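Residue numbers (the numbering used here): 36 to 232. We put the beta carbon where it would ideally sit given N, CA and C, even for glycine. Treat the numbers as computed from the prediction; the structure is a model and nothing was measured.
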């Protein structure tokens, strides 16, 4: 039998457990709790924590950068799988590019948590009721499973944080999940989705 050698090239040396990332917002989990080292879950796989600088499909080779000048590595393969991931296209919906916070990476979730704190801070010192309402209204675009979980964790975090802001009322905090479809949790049955509302 032919020996199988697998090589993985990734910018990161960890995999992220995406299903738990919303809990970073509420503080239930710390960032390190959703990280899984690649070398731990892929024993026997050669792993390069580098970026691909060039791909030569005809020769089935990838040139990997190493950060330093002349520090390149060339990897040859019988089969070359290119799986670069995805990028969120916010331009499909007016206003998202300018106003939305993305929730794709751990850094994004930490940024979201810090943004919620910043809005609480600003709302706690404003005397303008309209401005306070604007600062304490949060909209999650996308009401599938991930969007509803993010909205739930943000809501839980905001309400728990109100203990430190006695000048703010729970009635003033609004977390709204919106979706392009007619209801939240479109992959769930109607009865279950209604229970979430």
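Which parts of the region 166 to 203 are runs of the alpha helix (DSSP H), unbroken and 4 residues or longer, counting only runs that do not cross its ends? 180 to 196
Where do the ends of the beta strand (DSSP E) carrying residue 61 lie? Mapped onto the chain shown, residue 61 falls at position 26. Unbroken run through residue 61 is the alpha helix (DSSP H), 57 to 61; no beta strand (DSSP E).
For residue 217, which of helix, strand or coil comes out of DSSP? Along the chain shown, one-based indexing puts residue 217 at 182. Of the three classes helix, strand and coil, the one that applies to residue 217 here is coil, per DSSP.
Helix, strand or coil: which one does DSSP assign to residue 93? In the chain shown, counting from the first residue as 1, residue 93 sits at position 58. If DSSP states are grouped into helix, strand and coil, residue 93 belongs with coil.
Compare the beta carbon distance of residue 219 and residue 174 with 9 Å and say whether it is the shorter of the two. Translated into positions along the chain shown, residue 219 becomes position 184. Translated into positions along the chain shown, residue 174 becomes position 139. No, Cβ-Cβ distance for residue 219 and residue 174 is not below 9 Å.
Candidates 110, 83, 66: which alpha carbon is nearest residue 94's? Reading the chain shown from its first residue, position 59 is the one you call residue 94. Taking only the C-alpha atoms, the option nearest residue 94 is 110.
Could you check the C-alpha separation between residue 200 and residue 178 for me, to the nearest Å? Residue numbering aside, residue 200 sits at position 165 when the chain shown is read from its first letter. Residue numbering aside, residue 178 sits at position 143 when the chain shown is read from its first letter. Looking at the two C-alpha atoms, the distance is approximately 29 Å.
With respect to the beta strand (DSSP E) encompassing residue 231, which residues constitute its N-terminal and C-terminal limits? Residue mapping note: residue 231 aligns to position 196 of the chain shown, counting from 1. First-last for residue 231: 225 to 231, but that is the alpha helix (DSSP H), not the beta strand (DSSP E).
If contacts are defined as beta-carbon pairs under 8 Å, then residue 49 and residue 72 qualify, I think. What distance do you get, rounded to the angstrom? Position 14 of the chain shown, counted from the start, is the residue given in the question as residue 49. Position 37 of the chain shown, counted from the start, is the residue given in the question as residue 72. Sure, about 6 Å apart at Cβ, within 8 Å.
Pick helix, strand or coil for residue 158, following the three-state DSSP scheme. Locating residue 158 in the chain shown gives position 123, where the first residue counts as 1. DSSP places residue 158 in helix when its eight states are reduced to three.
When you compare the CB positions of residue 84 and residue 47, do they come within less than 9 Å of one another, or not? Taking the first residue of the chain shown as position 1, residue 84 is located at position 49. Taking the first residue of the chain shown as position 1, residue 47 is located at position 12. Against a cut-off of 9 Å, the Cβ pair of residue 47 and residue 84 comes out as a contact.
Compare the beta carbon distance of residue 141 and residue 69 with 9 Å and say whether it is the shorter of the two. Here residue 141 refers to the residue found at position 106 of the chain shown. Here residue 69 refers to the residue found at position 34 of the chain shown. Yes, Cβ-Cβ distance for residue 141 and residue 69 is below 9 Å.
Per DSSP, what kind of secondary structure is residue 209 in: helix, strand or coil? If you number the chain shown from 1, residue 209 lands on position 174. If DSSP states are grouped into helix, strand and coil, residue 209 belongs with the strands.
Please report the straight-line C-alpha distance between residue 115 and residue 41, rounded to a whole angstrom. Translated into the one-based positions of the chain shown, residue 115 becomes position 80. Translated into the one-based positions of the chain shown, residue 41 becomes position 6. C-alpha separation (whole angstroms): 10 Å.
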